[in-house]
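Just so you know, this note's numbering puts 264 at position 264 of the sequence shown, and the rest follows in order with no gaps. Taking it in order: structure first as structure tokens, then the write-up.
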Amino acid sequence: MKFYCLKSATALKIAFTVTLAFFFVELAGGFMFNSLALVSDAWHMLNDVFALLFALLASWVAGKPFDDRKTFGYYRSEVIAAFLNGIFLCVVVVFIFYEAFLRLTSPVYVEGLGMLFVAFLGLLANGVSAYVLHGSKGGSLNVRGAFLHVVADFFGSIGAIFAALIIYFTGWFLADSIISIAIGFLILYGSGRLIMDSLNVLLEGVPPHIRLKNVEEKILSENGVESVHDLHVWCVTPDKMCILSAHVVVGKDVDQKSLLSRLIESLRRD
């Protein structure tokens, strides 16, 4: 499937507007039809509203030029936003699990048909937001974090639709709580990966697509290189520059400038 690519800021603005508008619709529907799945998804949507706003601000800050104090610029503000989005998602899951447990122990009546209608509208709204964000996320953890929020809501709407159908045709109200728990685990999986990827950048870990041993072997394979020490590879953000520093010991008669040029070209190529 081909995704239409928008600029990150434009995609975030569209997703923010759609999500904010539907938050009020879904929250009202959840209380009106007594559905925990809808209410949980609505509060998650409110969290998404703040997450998308946060992502927009981070995107703006990241675009500021570097200065004497921030020599790499402000790119990592997006990574920080992604990390916090992951944490917020985990908090939302705690709320969902707590409410689901209460309803499992004390089932309540849920209006299946009304719940189905609102959940279907939510599926459409989240589908639009997910579509525009997917085409723009690229390697940005910030937009990826916003995208995961919306995707979690998308699956939340699918889960709510299934729960509504079960309730409407069978009257089994526990389906609402069980689906909510399943949605919670899906959110935990996505947010956990986002948190770990963000931490890897913030802690200046080796990017996942690079093997340090391969880099070392590549350097040692150049004529004139005797050994490599203190090899470090990290990135400013996943979609920005990767940086390498190392102490390379060379032979006495080696043209160091020529060797350095060859090493840079070789490493860039790979």
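Here a beta-carbon is modelled for each residue, glycine too, at the ideal position from N, C-alpha and C.
Taking Phe147 as reference, the option from Ala21, Leu104, Val132 and Ile80 with the minimal CA-CA separation is Val132.
Around the beta-carbon of Thr71, fewer than 16 other beta-carbon atoms lie within 10 Å, marking it exposed. Distance from the CA atom of Leu52 to the CA atom of Val143, rounded to whole angstroms, is 9 Å. The straight-line gap separating the alpha-carbon atoms of Ile166 and Lys13 is approximately 35 Å. Assignment of beta-bridge partners to Trp60 by DSSP yields no partner. The C-beta distance from His149 to Asp41 rounds to 12 Å, too long to fall under 8 Å, and the pair is not in contact. If one requires a minimum length of 3 residues, the beta strand (DSSP E) runs lying completely within the region 219 to 254 are 225 to 235 and 242 to 250, in chain order. For the pair Pro107 and Phe31, the CB atoms are not nearer than the 7 Å cut-off. The Cβ atoms of Leu38 and Glu26 lie closer than 7 Å to each other. Spanning the alpha carbons of Ile183 and Val151 requires a straight line of approximately 11 Å. An exposed status is given to Phe101, since fewer than 16 other beta-carbon atoms sit within 10 Å of its beta-carbon. In this structure, His229 sits away from His209, with a CB-CB distance that is not shorter than 7 Å.
Distance from Val93 to Leu188 at the Cβ level is roughly 5 Å; contact confirmed, criterion being Cβ atoms closer than 8 Å. With a cutoff of 7 Å on beta-carbon distance, Ala164 and Gly112 are scored as near each other. Out of Arg262, Leu56, Leu194 and Met45, the CA that lies nearest to the CA of Ala119 is found in Met45. In the displayed model, Ser198 falls within a helix according to three-state DSSP. In the three-state scheme derived from DSSP, where H, G and I count as helix and E and B as strand, Lys257 is classed as helix. The straight-line gap separating the alpha-carbon atoms of Ile178 and Phe97 is approximately 10 Å. Counting C-beta atoms within 10 angstroms of its own C-beta, Arg268 has fewer than 16 neighbours from the protein chains shown and is therefore classed as exposed. A residue is called buried once 16 or more other Cβ atoms fall within 10 Å of its Cβ, and Arg193, having fewer, is exposed.
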